[in-house]
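Each remark here refers to the structure printed beneath this line.
Structural data, given as structure tokens:
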């Protein structure tokens, strides 16, 4: 077998089995594939030595990513019952401490559905002029129908006080009769934190530390485990903005918050966070817009 054919055969097999590559290297070291050509310098790599060098070293550990970052903080919302009871004196010394702590534990799960507002008039100068486009109103109708079709018992519908979020919430509200509608200034759009990696094409007018403090305050108000007095699981809708939602997701999952801009959300999309009584958080959907026809999808 010629050297070229031998090398071609080994290279072809190498992609399928590392064991064959090592066998070929061992055979070469014993001279089964011939000696070096005359004139080659002493110590020069053989063709199979080069093949061996091209293969990454394999160990079980190299195929298992090492854990990064910090461990999960169960008191991320400062509502962990064990942390709340620390240092507090018992009014009744005879009271069973375990019973007291158990009574203070949340028992219900909170489901928070974050809705991005629909498409709006980008040419508007003031907030009042940035109302929904005809397509945006269609998107809001589709989102409202989707939320209604889920058949969930919604407790409240909270929305940003900006025009595009308010209009989106009002349209959605028509499909959810009886659900309380509330407005909140904390949920207004802004720049929560300087993104990493940095971008040059997007520079917010607001100062990061100003918007960031407000959006963080909104996170602390709305994203937390249930109160111990809550008996049943709850479903709350929050209609706001892409930056706010992306920041909420990063914070709730304890991901680096500066990564918020790496996610994209369609207009009218649904992002679903679940917060367990234990403090565990799960992201059920991120920017779900599969209920909209392809020609209705936008991300403005």
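Numbering (our numbering), first residue to last: 689 to 988.
All C-beta atoms in this analysis are idealised placements derived from N, C-alpha and C, irrespective of residue type, glycine included.
This structure is a prediction, so every number in the text was calculated from the model and none was measured.
- Excluding the 5 residues flanking it on each side, residue 833 has same chain C-beta neighbours closer than 7 Å at 863, in chain order.
- By the criterion of a C-beta distance shorter than 8 Å, residue 888 is surrounded by no residue of its chain, once the five residues flanking it on both sides are discounted.
- 795 is the residue among 930, 795, 753, 826 whose C-alpha sits nearest the C-alpha of residue 768.
- Counting only residues of its own chain and dropping the five nearest sequence neighbours on each side, residue 836 has a CB closer than 8 Å to the CB of 863, 864.
- Nearest in C-alpha terms to residue 913, of all of 959, 925, 969, is 969.
- For residue 808, no beta strand (DSSP E) segment is defined, and its DSSP state is neither H nor E.
- Taking residue 844 as the centre and dropping the five residues before and after it, the same chain places the C-beta of 868, 924 closer than 6 Å to its C-beta, in chain order.
- Here the alpha carbon of residue 963 sits roughly 6 Å from the alpha carbon of residue 799.
- From the listed residues 907, 928, 884, the smallest Cα separation to residue 947 is found for 884.
- Residues 923 of the same chain have their beta carbon placed closer than 6 Å to that of residue 840, with the five preceding and five following residues left out of the count.
- Exposure of residue 763 is indicated by the presence of fewer than 16 other C-beta atoms within 10 angstroms of its C-beta.
- Looking at the DSSP output, residue 976 sits in a beta bridge with 958.
- In this structure, the straight-line span from the alpha carbon of residue 818 to that of residue 915 is close to 37 Å.
- Between residue 846 and residue 830, the C-beta gap is not smaller than 8 Å, which leaves the two residues out of contact.
- DSSP places residue 882 in the coil class of the three-state scheme, outside both helix and strand.
- Per DSSP, residue 847 is one residue of the beta strand (DSSP E) stretching across 844-848.
- Between residue 950 and residue 793, the alpha-carbon positions lie close to 35 Å from each other.
- In the displayed model, residue 963 falls within a strand according to three-state DSSP.
- Collapsing the DSSP output to three states places residue 759 in coil.
- The Cβ atoms of residue 956 and residue 977 lie closer than 8 Å to each other.
- DSSP lists 799 as the bridge partner or partners of residue 923.
- In the DSSP assignment, residue 826 falls outside any beta strand (DSSP E) and lies within the alpha helix (DSSP H) extending over 822-837.
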